[in-house]
Every structure is written in C-alpha cells, then in structure tokens.
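**Q** Shown below is the structure under consideration.
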Amino acid sequence: MGLVTPHFIDERLNSFLSEQNAGESDRIMAVVSSFLPDAQCQSNWFVLTKERLLIVAEMNGKYEILFSYILKDLKEVRSQALKGGGVIIVESNDVKQEVFRYPNSQGALFGSICDCIKGFLNNGQALTFEDTLKVVMKEELNKFCSKCHRPKLSDIKACPFCIDRKKVVFRILSYAKPFSGQLIIVVVLLAFSTLLQLLPAIITGKIVDKVLAQGQVDLLVPLLLALGGSMIIRTALGIVHARISVDIGANVTNVVRKETFDHLQKLGLNFFDKQNTGSLMSRVSHDSQSLQGFLSEGIQYTVHNFFLIFFIGITLIYLNPVLGCLILLPTPFVVLISKLSWRKLFSDFRQYSDSASNLTAFLSDSLNGIREVKTSGQEVRMQKRFAFWSDESRDKIVKAEKTLQSLIPLLNLIIQSSLIFVWYFGSKDVLFAQQNNPSDFSIGDLVAMIGLMGILFGPLQLLTRLNDWMTRAITAADRIFEILDVEPDVKNQEDAQNTKRLVGKVVFDNVVFGYEKHKPVIKTLSLDVKPGEMIGLVGKSGVGKSTIMKLLMRLYEVNDGSITIDGRNIKEYSIETLRENISVVMQDSFLFNRSIADNISFGHPEATRKEIILASIQANAHEFIMKSSHGYDTMVGERGLRMSGGERQRIAIARALLGDPRILILDEATSAVDTETEQKIQNALQHLIKGRTTFAIAHRLSTLRNADRLFVIEDGVVVESGSHDELVKKEDGIYKKLVTIQTDWAKKVFIGGD
Amino acid sequence: MEEGFVETINDTVVFLDPKRVSFEFNEKLFLVKMTYENESYDGISALPAFPLSSRSEFVHIYKGADSTKLKECVGLIEDINELNEGSFDALSKSIQMSCMMPTITKINLIYDEYYNFHWTVETDRGNLEFSIGTPRRYVFRVSNGALLIKDLKDDYYYIPDPTKLDANSRKQLLPIL
Numbered sequence: 001m002g003l004v005t006p007h008f009i010d011e012r013l014n015s016f017l018s019e020q021n022a023g024e025s026d027r028i029m030a031v032v033s034s035f036l037p038d039a040q041c042q043s044n045w046f047v048l049t050k051e052r053l054l055i056v057a058e059m060n061g062k063y064e065i066l067f068s069y070i071l072k073d074l075k076e077v078r079s080q081a082l083k084g085g086g087v088i089i090v091e092s093n094d095v096k097q098e099v100f101r102y103p104n105s106q107g108a109l110f111g112s113i114c115d116c117i118k119g120f121l122n123n124g125q126a127l128t129f130e131d132t133l134k135v136v137m138k139e140e141l142n143k144f145c146s147k148c149h150r151p152k153l154s155d156i157k158a159c160p161f162c163i164d165r166k167k168v169v170f171r172i173l174s175y176a177k178p179f180s181g182q183l184i185i186v187v188v189l190l191a192f193s194t195l196l197q198l199l200p201a202i203i204t205g206k207i208v209d210k211v212l213a214q215g216q217v218d219l220l221v222p223l224l225l226a227l228g229g230s231m232i233i234r235t236a237l238g239i240v241h242a243r244i245s246v247d248i249g250a251n252v253t254n255v256v257r258k259e260t261f262d263h264l265q266k267l268g269l270n271f272f273d274k275q276n277t278g279s280l281m282s283r284v285s286h287d288s289q290s291l292q293g294f295l296s297e298g299i300q301y302t303v304h305n306f307f308l309i310f311f312i313g314i315t316l317i318y319l320n321p322v323l324g325c326l327i328l329l330p331t332p333f334v335v336l337i338s339k340l341s342w343r344k345l346f347s348d349f350r351q352y353s354d355s356a357s358n359l360t361a362f363l364s365d366s367l368n369g370i371r372e373v374k375t376s377g378q379e380v381r382m383q384k385r386f387a388f389w390s391d392e393s394r395d396k397i398v399k400a401e402k403t404l405q406s407l408i409p410l411l412n413l414i415i416q417s418s419l420i421f422v423w424y425f426g427s428k429d430v431l432f433a434q435q436n437n438p439s440d441f442s443i444g445d446l447v448a449m450i451g452l453m454g455i456l457f458g459p460l461q462l463l464t465r466l467n468d469w470m471t472r473a474i475t476a477a478d479r480i481f482e483i484l485d486v487e488p489d490v491k492n493q494e495d496a497q498n499t500k501r502l503v504g505k506v507v508f509d510n511v512v513f514g515y516e517k518h519k520p521v522i523k524t525l526s527l528d529v530k531p532g533e534m535i536g537l538v539g540k541s542g543v544g545k546s547t548i549m550k551l552l553m554r555l556y557e558v559n560d561g562s563i564t565i566d567g568r569n570i571k572e573y574s575i576e577t578l579r580e581n582i583s584v585v586m587q588d589s590f591l592f593n594r595s596i597a598d599n600i601s602f603g604h605p606e607a608t609r610k611e612i613i614l615a616s617i618q619a620n621a622h623e624f625i626m627k628s629s630h631g632y633d634t635m636v637g638e639r640g641l642r643m644s645g646g647e648r649q650r651i652a653i654a655r656a657l658l659g660d661p662r663i664l665i666l667d668e669a670t671s672a673v674d675t676e677t678e679q680k681i682q683n684a685l686q687h688l689i690k691g692r693t694t695f696a697i698a699h700r701l702s703t704l705r706n707a708d709r710l711f712v713i714e715d716g717v718v719v720e721s722g723s724h725d726e727l728v729k730k731e732d733g734i735y736k737k738l739v740t741i742q743t744d745w746a747k748k749v750f751i752g753g754d
Numbered sequence: 001m002e003e004g005f006v007e008t009i010n011d012t013v014v015f016l017d018p019k020r021v022s023f024e025f026n027e028k029l030f031l032v033k034m035t036y037e038n039e040s041y042d043g044i045s046a047l048p049a050f051p052l053s054s055r056s057e058f059v060h061i062y063k064g065a066d067s068t069k070l071k072e073c074v075g076l077i078e079d080i081n082e083l084n085e086g087s088f089d090a091l092s093k094s095i096q097m098s099c100m101m102p103t104i105t106k107i108n109l110i111y112d113e114y115y116n117f118h119w120t121v122e123t124d125r126g127n128l129e130f131s132i133g134t135p136r137r138y139v140f141r142v143s144n145g146a147l148l149i150k151d152l153k154d155d156y157y158y159i160p161d162p163t164k165l166d167a168n169s170r171k172q173l174l175p176i177l
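Residue numbers (the working numbering), protein chains in the order written: chain W, 1 to 754; chain B, 1 to 177.
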C-alpha cells in the first residue's frame, strides 16, 4: 500500500505526526482542509493510518490532535454535503460527532475516503485506497502544481510559474521544422535588414562631414544614392522576411489547429463533460491565433530588436566610447519605468478587455432572449443594464488609454533629456577634436550617434514587455498542447473488428458506471435483449436511462461489468462499426447550420438525393420540407432554430432511417412536441423500428405500450421487467404506480376532475 | 411526527412554528439538537434557502443527511429571528457551520502574476489566502452588487457589499472590477 498524500506536508508536521506514530511509513494519507471543525478558517489535517484516524490542527503555532479514533472501534464514518463545503461525521459508542470540515472542492475526495472507510468498517475489507480513490486523489493533486504547489488555473495544465518555457518553445518550433529553410532565410534577412536600418544615421553623418563641412559636393549624390538604396533594399528585405514569416506562422498554426480539432473529435464525452465549451473553442481559435502571432510577428520582432540593440551598441561604442555610454545612461530608467508601467497598463487593458467581454455577453444574452424581454416588458430595465456595462467599458478604456498616452511622452522626455547631455558633451568633444585631431570625432559622428539614439529606445521598451508577452504566447501554446496530450478514453482496440452488419442481440452484464467513478449512476445493471425486440426503459428523471444508452453506444466506458452485442464485447468492435449500426433520435436533436439535405445525410454523406427523399417520406418529413422556401436546400438556421421542435425531430428520424441501423435508440424522441405532432412522429417511428432492436426512453408511458418488454430502472438497477400488461397487473409495482399517476394527471388536466 | 407539529402548507412544504420548536447546540460534538415538546432530533442540519442573500430566512431543517443528498426535510423556519434567544443562537451557529462559504470582511492585498490574482483577506471565519484566474471568469456580480468569488480550487468566497469595505480593501478590489 503506497503512501498517498495529496498535499504537501512540511518537515515540522511530519515530525509531529511521527511522534504520534503517524509518520510517513505508517500513514495512508494526510489531507489538509482550510476549515476547523467549528467552520473557522484554518488548516486542519485529516490523517489516516492503518489503524487510526487523527484530526490535527495548528493552534498558536503548535500542532495539536483534535480528535483521535481507533478505526475498528468506529461504528460509522460519513461525509455530509453542506453549502460551500461538507462535514465528516464520526459515530463511535453511539455518540455522533462532527470532526472535520472541508471546502466544496474536496467533496468528491472525502466522499471517496468515507466510502473506503465504510467498506473497511462494514465488510472488513482491507483499508486500501485503490482505483476510485486513487482517481479522485489524482484529480485533487492535479489542482496543484507538483513543483511549486500553487493551485493551477482550472483549465490550464501547466503552471505559469513553473512552465518549462524552453520545452514549449522547442515543441512550437518542432511544428516549424518543415519550414526550417525558410526560418533560416528569415533570420539572415533580419540581420541584413537591421544593419541597413543603421545606415541612414551613419550616411547622414557622412553627408554632414564630407559634404557640408568639407565641401566635397561630388560625394553628395553617391551618398544620397546609398541612403536611398539602403532604404529600398531594407524595405524589400522587410517585405520578403515579413511575407515568409506570415507564411510560416499561418502554416504552423493551420497544422496545429487542424491537429487539435482532429484530436478533439477523437476524445470521449468524458473529456467534454469536464470542459467548458467556450474554453475549448477559445483554445482552438484564440490560442492558435496567439500562436500564429508569436510565430509570424513575435519571433520576427524579437530577433530584429535583439540585433538592433546589439548593432547600435557596438556602433555607438565604436564611434565614441564615452558618449556611447552616455547615450546608454537612460537605458535602465527607460527599462524600469516601462516595466513598472507595463504592469499597470496590462492590468488596465485586461480590465477593459473583461468589460468589453461582459458587454458582448450581455448583448448576446439580451438579443437571444429578446422574446422574453419583450413579452415580460423589461426593455427599459435591459436598457439600463446595457448602459451600465457600456459606461463601464468606456471608463476602462479611457483609464487605460490615458495611462498609455501619459507614459509615452514621459519616456520621450527621459530619452530627450539624454539628448541634452549628448549635445553638450558631444559638441565639446567635436570642438576639442577640431582643435587637435579632427579625425577623432567629427560633427557627422555626433549627428550619426544622435540618429542611432533615436532608434535605440523603441526596442528597449519592447524588450521590457518581452517576458510577459512570451509567457502569454507560451501559455497559449501549452493550452493547445494540453488538449493534444489527452489520451482518448474511448478508442479502438488494436484488433477491433469491423462488422458491416450486426444482428442486434444486446446483453448488459452487471454493468457499473459513474460519470465520477466514486458516484455510480448505474449499479450492477443486467439486461438481455433479443434481436428485433422493442424495449422500453422507464424510470424517474436521473435514474440513468440515457446513461445506459450512452454506454451501449460506447460514448463512455463502463467501470465494471460488460456490454455485448451479438455475443461480442462492444470494445471488440471498432467504434465505426458501432456508429454505423446504432442510431439515436434524441429529445432535442441537434441540427447543424446547413441545408436540410445535409442534415439528413450527416452520418452518411454518400447518400443519394433519392435515398434522402425516401428517408424523409418514411419520417413524415417530406411534406413540410417541400413546403419550405428552398425545399431540401433550405438552411435550417443556427442549431436548427428556424424549425419547430416536431420538424427537427422528423429530420432527426430521417437521419436515423438513412443509416438503416440494426439498433435504434429513441431517447424521449417525442416528448418535446404537441400531441398532433407526436402522432406524426409516432407514425414515422413505426417505419423506423421495424426489424430493428429498439430501445425507447419516454416519460409519457402511453408511448411505450407497444414495447415488447419494459425495464423499470431505479437507482441504477432494473427493479421490474415485463410487458405493459404484465407490469400493470403487478400490485405495488413501480410501473403501475407511474401509470396511475400519469392517468390521474391526464384526467385532471383534460377532464378537470379529481 | 406528532399531529400539529408543523403547519402544512401543501404536500411538500411544511413551516415549523417558531414558538413551538427549540434548538440546542452541543459545543463538544458540534451538533444541533431540535426539540418539539417530547420529540427530538440529534444532529440536524440547517440550510437556508438563500445562503448568500439572507441566511436567517427560510431555513430548512434536515435530518439523516449523507454525502450526496439531504435525506429528509423536517420542515422550514420562515425567519429564525422569531425563535427564542437560545434557539436563535444555536441555529445561527448551525447555519454558520452549514454555510461554509467565508464572507470577506477586509482585503489586505491582491496582486497579480501571470494572470493569477493572489488574495490575502480577512473573513468572518479567519484569515485566508487564495488565488483566482482572470477576474471575468472568477468574480461574479450577484444581486444587489454583491460579489461571489471562485478560486482556482473551485471554492467560493462572498463580499455582500463591496462599497462597505474599508478604503484599502476597495483600492485593492479596484483592478479586479
């Protein structure tokens, strides 16, 4: 049994626990919470050894044991959810005691710990923390950076404090490998381009010296040609390296974006359940955009500015070492002020960006809900709220821009103040040189240095932001890599079978499943369904009916037990085989913003127009499709919202029919429509279920009367099974009770009686 | 349950008569006992329906709860201020222990580093430190200007009225809002 410590025990606590015989070798776990038993905030440790449970707190700088129990003397240990957290209640010698409080985030962890202890107390199981608890424990550990122990941003795996920047940069660059030749060209061009950027200042100096001071008029044209030439060549080089960089950036981003989307398509629903859709969309679109910015502009600017500082520094020192140092004197001040103010600027602009997002979110909400706003007469209230967010957005941008616009003149002032000293000492140097050795330091040299000085401070300001800016790009890249590194939980086995046509015999054998493993939704469920049989799944909301079907489609993997089709475990079939042979019609079928025909043939793009029309006729959809403005080419609108619920359902049925599936799942397929539409859909379904193994889930039990067999599910297991007629005869049967409730309700609504 | 113990509003909602019910807090066991005449329940849980905006109203009393669900609601008290002083204190203590979200009373410092905003605060339950990500996704404005803050671990903190915080706290909060 390994030591499992999800939190980070310091040496002092470790030695205290050792004194209590709960040292590292005795300890099974030690988990810290931020609450004392009286719900005051302070670190409190839940420590478990093979024999004892200890609750340890730090009081006045010393560790103290608040509670200590011999495990085998305990009658019960349970966790209870509260608001914002939970409590562990221990019962021993018929005395109940609340011994430990934990915050909301640790609910799953302590639920699992208590389950393990319960197993130990009730069944004499060994106190080991395998599987479930390890999963929960891993999730708990994942919330913290393993290096610095800081909590991590929930949707970012990498800790920004400890991120291995080199590793991420190399990984980004590995995508640019096919473009390595182009990258080398960019760097070489940048070096040349930077050198050419210095030429105007140097040539200006030469014009001053040779043409104006010494009167060598014949040099004017060649020098001006050199000046013009350098500008033209530099511009040409700039265009070339910028175009190549854009090419590299866009191509690499395109590869990464496509790879990310392809990988997302392979991931199981388990992954999507835990992720925020907005965050995923942001990773694919926004983060890959950041990556593109980094590759096409970031690298270019960084390399260019490093070259620039390097070349200017050397030239200045070469022209006049003392004056060169004087020019560089304000550098630390510029860097320091830029760094300090950038922090504030970044915060101001982030606030503006947040307020702009809030404004957009409010706008989207209010426009999407415009019907509700109008029907409840809330226009004025919405106007006021919009004005609030709009004013806030204005205030934030004004604040940010004011800071920025004040900063730039301040930095210019610092730079210009050095100009006064440069002119002062430079002029003296020139005069001194003219009296002694004019070749030492000329007026032209001074002019050139002043020109170079103007170029120097731009890159300096940029470099102060480099760290923050690089962090942003690297974090964006890492967010993308995090997705790419997720192993799909549902994937084809190496020897997965591709079977064109299944027969449709389905067996669930003691299946156990929970979206969170420690909270099973399905508990040892067994079903045996013959090919072509129609099965109705009945039960209250949340008992796991839809989950059972998701398991059959292998959208999730079972935790325990097995599901077989035609005698073979579904894991042995390829996922493609399952998708081809199982079709589903859900309560609110999703339609893509494409034409009706495209939506019907979504799963079978190879279907002919004739097949699409025949499927629609069978689904009772043809008539309304033909009445639509563009027939089968009518666009259904975003999420199919231009169509009624019944129309969407019939398109979904046509989609299912087109696949000619062997197994059909109807998950509340008619619950969202009126009775007349339901009748039309039911007629359509009659075509659909013929000769197929069908699972139907419906709250309206009347729709399941024709099922060959009904399974009543409660608390994750089958509690009753049989035909409608058999089940209604069962005294005190759950199905009978449900039918009675629905019949009574129907009487009340439609007849108005009791 | 004894006849007349509660006033039945309909099949599912029962209001407890504050004059006929009493609560007692056991400091040692951290448990609350509810008594009505001769009947009593040990270890009840008191959960208000509005744990953020009004903890003293519509307080639901549960017995036999476990980690996933509250098993049985004995009834609810419309306003605990109508209880006698001892019961009010006991139930207040129980609510304080059941609604564990700390209320921030003072913000000593908020600083940001790599998009992490690190907070050092004083709360009604003691001093705390926590970190949040970008405020847009971790700080929520709820009714009447109150703020609900979610930290990186998914734990929550509450500021009922930011305008009533001291000057430094408001200054610290400024870049967040």
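Backbone N, C-alpha and C define an ideal beta-carbon position, used for all residues, glycine too. Since the structure is predicted, the reported quantities are computational estimates derived from the model, not experimental observations.
Cβ of residue 96(B) less than 9 Å from any chain C Cβ?
**A** Judged by its chain identifiers, the structure shown contains no chain C, and its protein chains are W and B.
**Q** For residue 48(B), count neighbouring C-beta atoms within 10 Å of its own C-beta (all shown protein chains included) and say buried if the count is 16 or more, exposed if not.
**A** In the second sequence, the residue the question calls residue 48(B) occupies position 48. Buried, by the Cβ-count rule.
**Q** Quick test of the definition: if touching needs 3 or more C-beta pairs under 8 Å, does the stretch 485-502 of chain W touch the stretch 257-268 of chain W?
**A** The answer is yes - the stretch 257-268 of chain W touches the stretch 485-502 of chain W, with three or more Cβ pairs under 8 Å.
**Q** When DSSP builds the beta bridges, which residues end up paired with residue 96(W)?
**A** Reading the first sequence from its first residue, position 96 is the one you call residue 96(W). Looking at the DSSP assignment, residue 96(W) forms a beta bridge with 91(W).
**Q** Taking beta-carbon pairs under 7 Å, can you tell me which members of the stretch 157-168 of chain B lie near chain W?
**A** Answer set for the stretch 157-168 of chain B: empty.
**Q** Is it a yes or a no for the stretch 531-539 of chain W touching the stretch 688-701 of chain W, going by three-plus beta-carbon pairs under 8 Å?
**A** Yes, since at least three Cβ pairs between the stretch 531-539 of chain W and the stretch 688-701 of chain W fall closer than 8 Å, the two stretches touch.
**Q** Quick check on residue 28(B): buried or exposed, where buried means 16 or more other Cβ atoms within 10 Å of its Cβ?
**A** By 1-based counting over the second sequence, the position of residue 28(B) is 28. Exposed, by the Cβ-count rule.
**Q** Look at the alpha carbon of residue 205(W) and the alpha carbon of residue 302(W), and state the distance between them as a whole number of angstroms.
**A** Position 205 of the first sequence holds residue 205(W). Position 302 of the first sequence holds residue 302(W). Cα-Cα distance, rounded: 28 Å.
**Q** Please report how far the alpha carbon of residue 331(W) lies from the alpha carbon of residue 423(W), in whole angstroms.
**A** Locating residue 331(W) in the first sequence gives position 331, where the first residue counts as 1. Locating residue 423(W) in the first sequence gives position 423, where the first residue counts as 1. Their backbone Cα atoms lie some 17 Å apart in a straight line.
**Q** Since I believe residue 651(W) is in contact with residue 621(W) (beta carbons under 8 Å), could you give me their beta-carbon distance rounded to a whole number of angstroms?
**A** Counting from one through the first sequence, the residue named residue 621(W) turns up at place 621. Counting from one through the first sequence, the residue named residue 651(W) turns up at place 651. 6 Å between Cβ atoms; contact.
**Q** Put residue 534(W) into one of helix, strand or coil per three-state DSSP.
**A** The sequence position of residue 534(W) within the first sequence is 534, counting from 1. In this structure, residue 534(W) counts as strand in the three-state DSSP scheme.
**Q** Using a Cβ-Cβ cutoff of less than 8 Å, which residues in the same chain neighbour residue 248(W) once the five nearest sequence positions on both sides are dropped?
**A** Translated into positions along the first sequence, residue 248(W) becomes position 248. Result list for residue 248(W): 176, 179, 182, 183, 186, 295, 296, in chain order.
**Q** Answer with buried or exposed for residue 16(W), where buried requires no fewer than 16 other C-beta atoms within 10 angstroms of its C-beta.
**A** Residue numbering aside, residue 16(W) sits at position 16 when the first sequence is read from its first letter. Buried, by the Cβ-count rule.
**Q** Report yes if the CB atom of residue 73(B) is closer than 9 Å to the CB atom of residue 32(B), and no otherwise.
**A** Residue 73(B) sits at position 73 when you count from the first residue of the second sequence. Residue 32(B) sits at position 32 when you count from the first residue of the second sequence. No, the pair does not count as a contact, with Cβ atoms beyond the cut-off.
**Q** Residues in its own chain within less than 6 Å of residue 120(B) by CB, not counting five upstream and five downstream?
**A** Residue numbering aside, residue 120(B) sits at position 120 when the second sequence is read from its first letter. These residues qualify, in order along the chain: 108, 109, 129.
**Q** Any beta carbon from chain B within less than 9 Å of residue 660(W)'s own beta carbon?
**A** Here residue 660(W) refers to the residue found at position 660 when the first sequence is read from its first residue. So, not an interface residue.
**Q** Is residue 406(W) buried or exposed, if buried means 16 or more other CB atoms sit within 10 Å of its CB?
**A** Position 406 of the first sequence, counted from the first residue, corresponds to residue 406(W). Counting Cβ neighbours within 10 Å, residue 406(W) comes out exposed, since fewer than 16 surround it.
**Q** Is it right to say residue 308(W) is buried, meaning 16 or more other beta carbons lie within 10 angstroms of its own, or is it exposed?
**A** As a working note, residue 308(W) is residue 308 in the first sequence. Answer is buried; the Cβ neighbour count reaches 16.
**Q** Below 8 Å CB to CB, which residues in the same chain sit around residue 211(W) once its five sequence neighbours on both sides are set aside?
**A** By one-based count along the first sequence, residue 211(W) stands at place 211. Closer than 8 Å at the Cβ level, and outside the excluded window around residue 211(W), lie 217, 219, 220, 223.
**Q** Considering Cα atoms alone, identify which of 159(B), 88(B), 105(B), 142(B) is closest to residue 46(B).
**A** As a working mapping, residue 46(B) is identified with position 46 in the second sequence. For residue 46(B), the nearest C-alpha among the options comes from 88(B).
**Q** Do we get a CB-CB distance below 9 Å when we pair residue 170(B) with the residues of chain W?
**A** To locate residue 170(B), count along the second sequence from 1; it is residue 170. No - not a single Cβ of chain W is within 9 Å of the one on residue 170(B).
**Q** Taking 7 Å as the limit between beta carbons, can you name the residues of its chain near residue 66(B), skipping five residues before and five after?
**A** If you number the second sequence from 1, residue 66(B) lands on position 66. Any answer about residue 66(B) is weak, because its pLDDT of 47 lies below 50 and its placement is not dependable; what the coordinates show is given next. The answer is none, since no qualifying residue turns up.
**Q** Considering only residues of the same chain and omitting the five flanking positions on each side of residue 459(W), which have a CB-CB separation below 6 Å?
**A** On the first sequence, residue 459(W) is found 459 positions in, with the first residue counted as 1. If we look at residue 459(W) and ignore the five residues flanking it on each side, its Cβ neighbours are 305, 308, 309.
**Q** Would residue 702(W) and residue 710(W) qualify as a contact pair, given that the criterion is a beta-carbon distance under 9 Å?
**A** As a working note, residue 702(W) is residue 702 in the first sequence. As a working note, residue 710(W) is residue 710 in the first sequence. Their beta carbons are not under 9 Å apart, which means residue 702(W) does not touch residue 710(W) by this criterion.
**Q** Who are the neighbours of residue 357(W) on chain B, taking C-beta pairs under 7 Å?
**A** Position 357 of the first sequence, counting from 1, holds the residue named residue 357(W). Those within 7 Å of residue 357(W) in chain B are 136.
**Q** At which residue ranges does the stretch 8-91 of chain W contain complete alpha helix (DSSP H) runs of 4 or more residues, listed in the order of the chain?
**A** 11-19, all fully within the stretch 8-91 of chain W.
**Q** Compare the C-beta of residue 98(W) against all C-beta atoms of chain B and say whether one is closer than 9 Å.
**A** If you number the first sequence from 1, residue 98(W) lands on position 98. Taking Cβ atoms only, chain B reaches closer than 9 Å to residue 98(W), which makes this a yes.
**Q** What residues from chain B crowd round residue 650(W), counting only those whose CB sits closer than 8 Å?
**A** As a position in the first sequence, residue 650(W) is number 650, starting the count at 1. In chain order: nothing, as chain B lies at least about 38 Å away.
**Q** Going along chain W in order, which residues have a C-beta closer than 8 Å to the C-beta of residue 99(B)?
**A** Along the second sequence, read from residue 1 onward, the residue named residue 99(B) stands at position 99. Near residue 99(B) (Cβ distances below 8 Å), the residues of chain W are 82, 83, 84.
**Q** For residue 618(W), does the three-state DSSP call read helix, strand or coil?
**A** Numbered from 1 along the first sequence, position 618 holds the residue referred to as residue 618(W). Here residue 618(W) sits in helix by DSSP.
**Q** On a CA-only basis, which of 594(W), 557(W), 172(W), 30(W) is nearest residue 287(W)? Give me that one, please.
**A** Translated into the one-based positions of the first sequence, residue 287(W) becomes position 287. With distances taken between Cα atoms, residue 287(W) lies closest to 172(W).
**Q** Is there a Cβ from chain W that is less than 9 Å from the Cβ of residue 76(B)?
**A** Within the second sequence, numbered from 1, the residue matching residue 76(B) stands at position 76. Not closer than 9 Å to any Cβ of chain W, the Cβ of residue 76(B) fails to qualify, so no.
**Q** Just how far apart, CA to CA, sit residue 44(W) and residue 33(W)?
**A** Counted from its first residue, the first sequence places residue 44(W) at position 44. Counted from its first residue, the first sequence places residue 33(W) at position 33. If you take the alpha carbons of residue 44(W) and residue 33(W), they lie about 5 Å apart.
**Q** Please give the ranges of any alpha helix (DSSP H) in the stretch 694-743 of chain W, keeping only runs that are unbroken, at least 4 residues long and fully inside the region.
**A** Whole alpha helix (DSSP H) segments, 4+ residues: 724-728.
**Q** Any beta-carbon of chain B closer than 9 Å to the one on residue 150(W)?
**A** Mapped onto the first sequence, residue 150(W) falls at position 150. Yes - at least one Cβ of chain B is within 9 Å of the one on residue 150(W).
**Q** Could you check the C-alpha separation between residue 174(B) and residue 163(B) for me, to the nearest Å?
**A** The count along the second sequence starts at 1 and reaches residue 174(B) at position 174. The count along the second sequence starts at 1 and reaches residue 163(B) at position 163. In a straight line, the C-alpha of residue 174(B) is about 11 Å away from that of residue 163(B).
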